[in-house]
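Residue numbers (our numbering): 46 to 361. Here's the structure, in structure tokens; my notes come after.
Put into structure tokens, the structure is as follows:
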């Protein structure tokens with residue numbers, strides 16, 4: 046496996062098309078990560094997947110219904126392997142926790158080539174400014190699931206990795222690490238369960254060097270991006286969607302919660318008739334629930350579900 050040399054100038058990586066921006070969104074822009082527990086697990090799986098596939102990450106941010114990754118991928122094969130490894134890891138976690146079926150998120154990762162240093166800097170700033178742009182936090186350094194917090198030693202609770210492979214509590218490992226996987230040798234985890242990005246995967250010195258110094262980095266982050274400026278109305282009010290709400294009226298979380306409250310049988314243990322009964326109950330509660338969403342949750346082919354619903358005179 047080809048690994049990135051930390052001393053390689055970022056411009057060389059751009060010239061050889063190794064710097065790329067990946068992002069993954071939820072189906073129909075629905076939430077994929079519902080709470081802090083979800084995001085912590087996704088955060089940790091991201092770094093473990095990067096280690097397993099030999100890539101480096103320059104910036105990352107995990108939001109409710111999408112995530113952004115700005116990375117250095119030595120080869121196309123490693124980019125493909127990373128996407129597969131990471132997608133499989135987070136899908137297994139999500140399906141196990143919520144007792145659902147199917148792949149998490151849209152069918153494929155979207156990606157773009159970062160052609161030069163300016164592209165890389167703009168991408169890093171865009172990732173971090175997402176927190177302010179969508180009204181998630183008033184300070185981009187307050188959000189724990191952003192790489193910005195790990196560039197600066199401003200949050201001791203985040204930076205202080207008091208647990209290693211040899212002293213991590215079993216309860217913390219069970220909650221925030223994949224099954225049958227240990228914290229790698231030399232890595233650290235903080236009391237909140239977040240893996241401290243290791244320097245061989247998250248080159249802080251390269252990120253700082255892009256902006257000359259940390260003060261320059263902070264100054265750049267305080268300026269609005271062109272995308273944010275376009276969301277301002279005449280009065281200066283931000284008209285962007287601050288809640289990250291979905292384009293569909295129901296979410297996986299609502300439906301899964303409804304199933305848990307109305308059925309004693311988990312979805313994987315249901316037979317076809319029990320699944321249809323649950324679907325009918327859901328449609329009575331949420332008449333506008335998306336059919337494709339239900340096919341993914343219950344593992345029923347779309348055409349089959351449409352046919353059965355038509356026979357029940359619930360869909361035309």
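Every residue, glycine too, gets a C-beta built ideally from N, C-alpha and C. None of these values were measured; they are calculated from a predicted model.
Residues of its chain near residue i, where Cβ-Cβ distance is below 6 Å and the 5 sequence neighbours each way are ignored
i, result
"residue 112", "69"
"residue 192", "104, 105"
"residue 156", "65, 67"
"residue 181", "none"
"residue 139", "149"
"residue 243", "232"
Backbone secondary structure at residue i - three-state DSSP
i, result
"residue 306", "helix"
"residue 184", "coil"
"residue 337", "helix"
"residue 174", "helix"
"residue 354", "helix"
"residue 299", "helix"
"residue 67", "strand"
"residue 191", "strand"
"residue 224", "coil"
"residue 240", "strand"
"residue 347", "helix"
"residue 155", "strand"
"residue 321", "helix"
"residue 61", "coil"
Distance CB(residue i)-CB(residue j) smaller than 8 Å
i, j, result
"residue 123", "residue 158", "no"
"residue 406", "residue 102", "Any question about residue 406 goes unanswered here, given that the chain covers just 46 to 361."
"residue 161", "residue 59", "yes"
"residue 71", "residue 150", "yes"
"residue 238", "residue 85", "yes"
"residue 246", "residue 92", "yes"
"residue 252", "residue 304", "no"
"residue 229", "residue 210", "yes"
Beta-carbon contacts of residue i that lie in its chain and below 7 Å, excluding the five residues immediately before and after
i, result
"residue 353", "321"
"residue 130", "94, 97, 98"
"residue 126", "98"
"residue 221", "85, 86, 89, 238"
"residue 190", "84, 88, 106, 107"
"residue 233", "206, 208, 209, 241"
"residue 61", "none"
"residue 63", "117, 118, 119"
Test: residue i CB closer than 8 Å to a CB of chain D
i, result
"residue 230", "No chain D is part of this structure, which consists of one protein chain only."
Close-in-space but distant-in-sequence residues of the same chain around residue i (CB under 8 Å, 5 per side omitted)
i, result
"residue 218", "227, 228"
"residue 214", "208"
Cβ pair count under 8 Å reaching 3, the region 102-110 against the region 139-149
no
Report yes or no: do three or more beta-carbon pairs, one from the region 304-313 and one from the region 322-332, lie closer than 8 Å?
yes
Quick check: the region 170-185 against the region 338-345, are at least 3 beta-carbon pairs closer than 8 Å?
no
List in chain order: all unbroken beta strand (DSSP E) runs of 3+ residues lying wholly within the region 79-151.
101-107, 111-117
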